[in-house]
Every structure is written in structure tokens, then in C-alpha cells.
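S.K.: In the UniProt record's numbering, the protein residues as written are 1 to 457. Built from N, CA and C at the ideal position, the CB exists for glycine as well. Owing to the predicted nature of the structure, the values given are computational and were not obtained by experimental measurement. To start, I am sharing the structure in question, which I have written as C-alpha cells.
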């Protein structure tokens with residue numbers, strides 16, 4: 001009865017049929033207590049981050065004229081690990097101390113080992129690992145991770161925070177690691193805002209996510225600038241050189257680390273105050289590129305293994321082709337798991353297509369679309385690329401199109417041969433190998449392929 005009434009409230013809010021997530025909840029009302037039971041731990045973690053507020057708002061509206069029961073959340077499996085990447089403190093926080101975080105870094109999978117990538121993002125990953133393995137503040141300070149939403153910036157940020165927390169010992173065990181949203185950090189009214197040096201007396205590492213949220217907020221940006229200026233530097237080798245003004249507050253026990261994440265390409269930093277931007281660019285700025293098909297497929301395979309979902313390679317490939325971001329892939333896989341739990345059967349191709357269509361995924365480009373974009377980029381006709389002429393510009397266009405179709409669509413060599421006018425699979429293999437070599441040695445080909453990957457796909 002209660003579930004039907006809550007479903008009606010959610011439907012009024014435009015939530016289509018209360019969505020699959022609501023159907024997975026089991027509600028048990030016992031006197032003044034409402035027990036909400038989840039099907040498994042992963043669903044519990046997702047619900048807490050994405051749907052708890054929506055659910056509790058519906059509860060408040062239902063119990064308008066009644067006393068709201070105490071809500072207890074439970075799940076069938078073992079409790080999910082809750083991990084806050086911060087060093088433990090030997091005392092309660094006092095006035096003037098920075099508050100520990102983060103409030104949403106609860107995913108125990110956020111570590112370097114579970115970050116799936118390939119050569120495309122090798123440099124950002126290597127730089128992050130070097131920071132994690134070095135003494136705090138010794139490598140790349142500040143360190144800025146840029147990249148579009150869903151490329152893994154927050155994952156690496158939390159992995160770094162956990163790495164610092166695990167290594168805290170001795171003197172640093174009583175210090176704290178701050179890892180939270182940049183806007184929340186700057187909006188907090190704390191005593192150290194007037195004396196930024198107090199912050200670094202209590203904090204070894206500051207890790208802020210979503211730096212783009214500070215754009216247009218002059219006061220917040222000024223607060224962060226002052227905090228960065230007060231950050232103790234790496235000790236100078238020459239003892240005769242005086243300590244800069246603002247660094248003489250008893251912080252001789254070592255430098256501190258500053259790490260930031262910004263959603264968007266590095267060029268988007270222009271939206272920030274010039275003074276803040278110059279301080280960020282004085283360190284190492286790296287950009288995480290969107291995962292390609294191979295990485296997305298491996299990511300889905302890893303998620304299925306952890307969540308014990310039995311999906312075939314063709315199904316995983318279909319999902320990987322429809323989403324370019326890790327976060328969207330997580331959401332799609334969660335919908336797949338919820339559908340299977342509710343209906344108790346394996347998914348048909350029609351089921352999968354319906355889930356994808358309502359899951360915010362993009363329509364995947366096909367060979368025709370990729371071929372058309374390559375033709376436009378090189379000022380050629382698609383039919384000429386598909387033909388058998390051996391003109392150098394046509395051969396290059398044909399090979400690039402084959403390479404992109406292979407990378408983005410995951411088609412087999414025989415399938416690619418058929419799509420390109422009945423070419424032999426050995427011709428396709430040669431074309432893809434040729435482009436891979438040119439990507440290493442030819443800057444013009446590098447620019448062409450990069451442009452086509454970003455604009456067309």
C-alpha cells in the first residue's frame with residue numbers, strides 16, 4: 001500500500017513509472033520505523049548518492065499529516081566499505097582547524113589499480129602515481145587534472161587522497177587530508193579564511209574537485225588564492241636564502257601538497273581569475289582524454305565481474321559503443337542489473353535497446369557516419385574512399401576511416417572489409433597497422449585523427 005502511494009507521488013514528479021530503482025526497494029513498516037531494504041550493496045551505494053533525496057522527499061509529502069517514521073536503510077549483502085580518504089586525527093577538531101572530508105568519497109574502488117586506461121592516458125596516470133609515491137609536496141605541486149566529465153578525474157583524486165592517508169604516520173598521523181568539492185571548501189566560513197597559514201598548520205594535503213564551479217565567484221577564488229600563497233614550499237637548499245614573507249609560521253616540518261580537478265579541457269581555465277589560473281599553471285597541468293572503445297569495454301567487463309552480472313561480449317560491446325563516459329556506463333549497467341533483478345530473466349536485445357534509449361546514452365556512430373566525416377575532413381567524396389583508386393590521398397583517407405571504425409565500433413577485420421566495399425581482411429589489418437605507425441611518426445596524421453575523434457565521434 002505504502003509503495004503504491006509513493007510510486008504515485010514519484011510519477012507526479014515526472015519520474016517515469018518511478019523508474020527501475022524504486023521497484024528494487026523493499027519497504028517494511030514496523031510501528032514508527034520504516035525499513036528500506038536494497039537488493040545488494042552496490043545498489044545501496046548508488047541510491048545513497050543519487051536517489052536518497054528524491055525518495056525522502058516523496059516520504060515527507062506522503063506523511064504530511066502524519067508523523068514521519070524513522071527510516072532505516074538495510075541491504076541483503078555485506079555492508080559496503082566506507083572509506084574517507086583522510087588521515088586520522090588524534091583529537092577532535094577545534095576552532096581554526098580545517099574540516100576533514102570528503103563527504104562523497106565513499107567508493108572503496110577508487111584506487112590506482114582499478115583505474116582502467118591505455119596509452120592514451122598513460123602520462124596523467126604516471127604523474128599521479130609519482131605524486132602518490134613521493135613525499136608530500138615534493139612532486140608536481142600544484143597538480144591539476146583536467147578533462148571532460150566522466151573521464152576519471154575524481155577517481156584519481158580520491159586514489160591520491162587514499163594514498164596519502166595510508167602513508168600518514170608519526171608526526172603526520174595527527175594531520176588531516178582534505179578532499180572535497182572546491183565550491184564547498186571555499187564557501188565554508190572558517191577562521192583560517194582570515195589567516196590562511198592556520199590552515200596549513202593542520203593540513204598536509206588539499207585535494208579539491210570541480211574547480212570549474214568557482215568560475216564567476218570572485219570571493220571564493222580570492223580565498224583559494226590566499227590559501228595557495230600560504231602553502232609552505234619545498235625547503236630551499238641554500239639556508240642563507242630568507243624564507244618568503246608569509247611562510248614563517250612554524251611549518252618547517254615539510255611542504256604541503258595541492259591537487260585539483262577541473263571538468264573541461266585545459267583551455268577552459270580561462271574562465272577563472274587570471275591570478276588563480278597563473279598559480280595553477282605554475283605546476284603540472286594534465287588532461288584526461290575520453291576513454292576509447294577498448295577501455296570502455298574492459299571497464300564494463302570489470303564492473304560485471306564485481307557485480308556478478310552475466311552479460312555476453314556482444315551486449316557489453318553494444319553498451320560500450322553507446323557511451324563515451326565512465327559515469328554513464330555505470331548508470332547503464334546499474335539499470336541492466338535492476339532490470340534483471342526485477343524481471344528475473346536474461347536481457348533480450350530489445351530489452352537492452354530500451355534500457356539504453358532511456359539511459360542518456362548517445363546513438364553510436366556507424367561506418368557510414370565515420371566515413372562521411374573523414375570525407376568532409378579531407379574534402380573527398382565517400383564513394384571515392386570506398387572505391388579502388390590508389391591515389392595517395394584516397395588511400396590515406398581509406399586507412400584512417402578503417403582505423404577509426406575499428407577503434408570506435410569494435411568491428412572485426414572481416415566486418416570492416418565488408419563495410420569498405422568487400423576489402424579482404426588482410427587489407428584492413430595492413431591499413432590499421434599503417435595508421436598506428438603514422439600516429440607515432442607523422443604529426444599531420446596525429447592532428448587529423450585527433451580532430452576526427454573529437455569532432456565526429
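Out of 321, 355 and 161, which one is the CA nearest neighbour of residue 366?
M.R.: In the chain shown, counting from the first residue as 1, residue 366 sits at position 366. Nearest option by C-alpha distance: 321.
S.K.: Where does the unbroken alpha helix (DSSP H) through residue 372 begin, and where does it stop?
M.R.: As a working mapping, residue 372 is identified with position 372 in the chain shown. It spans 367 to 377 - the alpha helix (DSSP H) in which residue 372 sits, taken as one unbroken run.
S.K.: In whole angstroms, give me the CA-to-CA distance for residue 443 and residue 391.
M.R.: For this step, residue 443 is matched to residue 443 along the chain shown. For this step, residue 391 is matched to residue 391 along the chain shown. So the alpha carbons of these two residues sit roughly 21 angstroms apart.
S.K.: Enumerate in chain order the residues of its own chain whose CB-to-CB distance from residue 467 is below 7 angstroms, with the five nearest sequence positions on each side excluded.
M.R.: Given a span of 1 to 457 for the chain in the structure shown, any question on residue 467 remains unanswerable.
S.K.: Residue 121 to residue 280, Cα distance in whole Å?
M.R.: Counted from its first residue, the chain shown places residue 121 at position 121. Counted from its first residue, the chain shown places residue 280 at position 280. Taking the straight line from one Cα to the other gives about 20 angstroms.
S.K.: Closest to residue 396 by C-alpha separation, out of 439, 318, 338 and 270, would be which residue?
M.R.: Counting from one through the chain shown, the residue named residue 396 turns up at place 396. Shortest Cα-Cα distance from residue 396 to any of 439, 318, 338 and 270 involves 439.
S.K.: In angstroms with no decimal places, state the Cα-to-Cα distance between residue 349 and residue 151.
M.R.: As a position in the chain shown, residue 349 is number 349, starting the count at 1. As a position in the chain shown, residue 151 is number 151, starting the count at 1. Between residue 349 and residue 151, the C-alpha separation is close to 28 angstroms.
S.K.: Could you work out which residue in 148, 149, 147 and 156 is closest to residue 127 when comparing CA atoms only?
M.R.: Taking the chain shown and counting its residues from 1, one reaches residue 127 at position 127. With distances taken between Cα atoms, residue 127 lies closest to 156.
S.K.: By the three-class DSSP mapping on this structure, what secondary structure does residue 73 have?
M.R.: The count along the chain shown starts at 1 and reaches residue 73 at position 73. Residue state, collapsed to three classes: strand.
S.K.: Measure the alpha-carbon distance for residue 369 versus residue 112 and round it to whole angstroms.
M.R.: Counted from its first residue, the chain shown places residue 369 at position 369. Counted from its first residue, the chain shown places residue 112 at position 112. Between residue 369 and residue 112, the C-alpha separation is close to 36 angstroms.
S.K.: Using beta-carbon positions only, say whether residue 179 and residue 266 come within less than 8 angstroms of one another.
M.R.: Your numbering for residue 179 matches position 179 in the chain shown. Your numbering for residue 266 matches position 266 in the chain shown. For residue 179 and residue 266, no; Cβs fall outside 8 angstroms.
S.K.: Can you have a look at residue 339 and say buried or exposed, based on whether 16 or more other CB atoms are within 10 angstroms of its CB?
M.R.: Within the chain shown, residue 339 is the residue found at index 339, counting from 1. Counting Cβ neighbours within 10 Å, residue 339 comes out buried, since at least 16 surround it.
S.K.: Just to confirm my understanding: we take residue 355, look at its own chain, exclude 5 residues before and 5 after, and list those with CB closer than 8 angstroms. What are they?
M.R.: For the purposes of this step, residue 355 is taken as residue 355 along the chain shown, with counting starting at 1. For residue 355, where only same-chain residues beyond five positions count, the Cβ hits under 8 angstroms are 332, 335, 336, 339 and 347.
S.K.: Among residues of its own chain, excluding the 5 on either side of residue 301, which ones have a beta-carbon nearer than 7 angstroms to its beta-carbon?
M.R.: Counting from one through the chain shown, the residue named residue 301 turns up at place 301. Taken in chain order, the residues that qualify are 316.
S.K.: Classify residue 228 as helix, strand or coil using the three-state DSSP reduction.
M.R.: In the chain shown, counting from the first residue as 1, residue 228 sits at position 228. If DSSP states are grouped into helix, strand and coil, residue 228 belongs with the helices.
S.K.: Return helix, strand or coil for residue 1, following the three-state DSSP convention.
M.R.: Indexing the chain shown from 1 puts residue 1 at position 1. Reduced to three states, the DSSP call for residue 1 is coil.
S.K.: Report all residues from its chain with a CB closer than 8 angstroms to the CB of residue 217; omit the five preceding and five following residues, and keep chain order.
M.R.: Here residue 217 refers to the residue found at position 217 of the chain shown. Here the set comprises 183 and 186.
S.K.: Is the region 406 to 418 close to the region 371 to 383, with three or more CB pairs under 8 angstroms?
M.R.: No: the two stretches stay apart, fewer than three of their Cβ pairs being nearer than 8 angstroms.
S.K.: Please give the ranges of any beta strand (DSSP E) in the region 249 to 285, keeping only runs that are unbroken, at least 3 residues long and fully inside the region.
M.R.: Segments of the beta strand (DSSP E) lying fully in the region 249 to 285: 257 to 263.
S.K.: Please name the residue in 277, 55 and 51 whose C-alpha comes closest to that of residue 2.
M.R.: The residue you call residue 2 lines up with position 2 of the chain shown. The candidate whose alpha carbon is nearest that of residue 2 is 55.
S.K.: Is it buried or exposed, residue 319, if we count other Cβ atoms within 10 angstroms and call 16 or more buried?
M.R.: Here residue 319 is taken as the residue at index 319 of the chain shown, counted from 1. By the neighbour-count rule (16 or more Cβ atoms within 10 Å), residue 319 is buried.
S.K.: Assuming contact is defined by CB atoms lying nearer than 8 angstroms, are residue 208 and residue 260 in contact in what I supplied?
M.R.: Along the chain shown, read from residue 1 onward, the residue named residue 208 stands at position 208. Along the chain shown, read from residue 1 onward, the residue named residue 260 stands at position 260. The answer is yes: Cβ separation under 8 angstroms.
S.K.: With distances taken from CA atoms, which of 201, 328, 138 and 219 is nearest residue 189?
M.R.: In the chain shown, counting from the first residue as 1, residue 189 sits at position 189. When each option's Cα is compared against that of residue 189, the closest is 219.
S.K.: For residue 27, tell me which candidate among 388, 71, 212 and 60 has the shortest Cα-Cα distance.
M.R.: For the purposes of this step, residue 27 is identified with residue 27 of the chain shown, where counting begins at 1. Distance from the Cα of residue 27 is smallest, within the candidate group 388, 71, 212 and 60, for 71.
S.K.: What's the gap between the Cα of residue 117 and the Cα of residue 450?
M.R.: Your numbering for residue 117 matches position 117 in the chain shown. Your numbering for residue 450 matches position 450 in the chain shown. Rounded to whole angstroms, residue 117 to residue 450 spans 17 angstroms at the Cα level.
S.K.: What alpha helix (DSSP H) runs, 4 residues minimum, are completely inside the region 34 to 58?
M.R.: 41 to 50
S.K.: Ends of the alpha helix (DSSP H) at residue 154?
M.R.: Your numbering for residue 154 matches position 154 in the chain shown. That run of the alpha helix (DSSP H) goes 153 to 167.
S.K.: With C-beta atoms as the reference, is residue 181 less than 8 angstroms away from residue 257?
M.R.: Within the chain shown, numbered from 1, the residue matching residue 181 stands at position 181. Within the chain shown, numbered from 1, the residue matching residue 257 stands at position 257. Taking C-beta atoms as the reference points, residue 181 and residue 257 fail to come closer than 8 angstroms.
S.K.: Taking 7 angstroms as the cut-off, is the beta-carbon of residue 258 closer than that to any non-hydrogen atom of the ligand HEM?
M.R.: The ligand HEM is absent from the structure shown, which contains no ligand whatsoever.
S.K.: To the nearest angstrom, how far is it from the Cα of residue 299 to the Cα of residue 329?
M.R.: Along the chain shown, one-based indexing puts residue 299 at 299. Along the chain shown, one-based indexing puts residue 329 at 329. About 9 angstroms.
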